[in-house]
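**Q** This structure is in structure tokens; I'll ask about it shortly.
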Amino acid sequence: MIVIALSGYGPGLVAAMSWDGNLLTLPLLLENYDPPLINLPSLVLRIASDVEWSSEKECFQSFCREMAAFYAVPEKKIHSENFNKTEANGEKSFNWIIEHAIYTAIKKDLKPPNHFSTDASILRIANLPDLYKVFERC
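Each residue of the sequence shown is one higher than the one before, starting from 522 at the first, in our numbering.
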């Protein structure tokens, strides 16, 4: 039933995920980060049922929302004891992923609107050159 529903969305889904009746690929959102594939069946179900395919704008918004939920680092992993440890099968720890994949992408690609600097949406906590000046005096 889900395959039939997704097959009907044709070009939109093929462009986003390489679909030919079977899921072939997922979009690569971040280098060095693979989403938890245990959530893949849920993603397919939610794309079939929750994405609004009839309107282009709503389709992009709902599809992006579902992809963001799929790629999000699970909150229970962040609060677990094994957050900093490398997995038994040699996979990178979530701490490594956040430090080297997510933070790197944020530093490189985040372009917030100018009004964020005046309305306290984003605050400067420290300025590295100023910190060097403070520690040079010590």
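Yeah, the Cβ is synthetic: ideal placement off N, Cα and C, and Gly gets one too.
Quick check: what's the CA-CA separation for tyrosine 592 versus glutamate 657?
**A** 42 Å
**Q** Counting pairs of Cβ atoms below 8 Å between the region 578 to 591 and the region 557 to 570, do you hit three or more?
**A** yes
**Q** Could you tell me whether the Cβ atoms of proline 650 and isoleucine 643 are closer together than 7 Å?
**A** In this structure, isoleucine 643 does not lie closer than 7 Å to proline 650 by Cβ.
**Q** Per DSSP, what kind of secondary structure is leucine 547 in: helix, strand or coil?
**A** coil
**Q** Indicate whether isoleucine 568 and glutamate 587 have their beta-carbon atoms separated by less than 7 Å.
**A** Judged by beta-carbon spacing, glutamate 587 lies within the 7 Å limit of isoleucine 568, meaning their Cβ atoms are closer than that value.
**Q** So the candidates are Phe584, Asn543, Phe637 and Ala641; which of them puts its Cα closest to the Cα of serine 570?
**A** Comparing alpha-carbon positions, the option among Phe584, Asn543, Phe637 and Ala641 lying closest to serine 570 turns out to be Phe584.
**Q** DSSP state of serine 575, grouped into three classes?
**A** In this structure, serine 575 counts as coil in the three-state DSSP scheme.
**Q** When DSSP labels each residue in this structure, what does valine 565 get in the three-state scheme?
**A** In this structure, valine 565 counts as helix in the three-state DSSP scheme.
**Q** Please determine, among Lys628, Ile627 and Phe615, the residue with the shortest C-alpha to C-alpha distance to proline 595.
**A** Phe615
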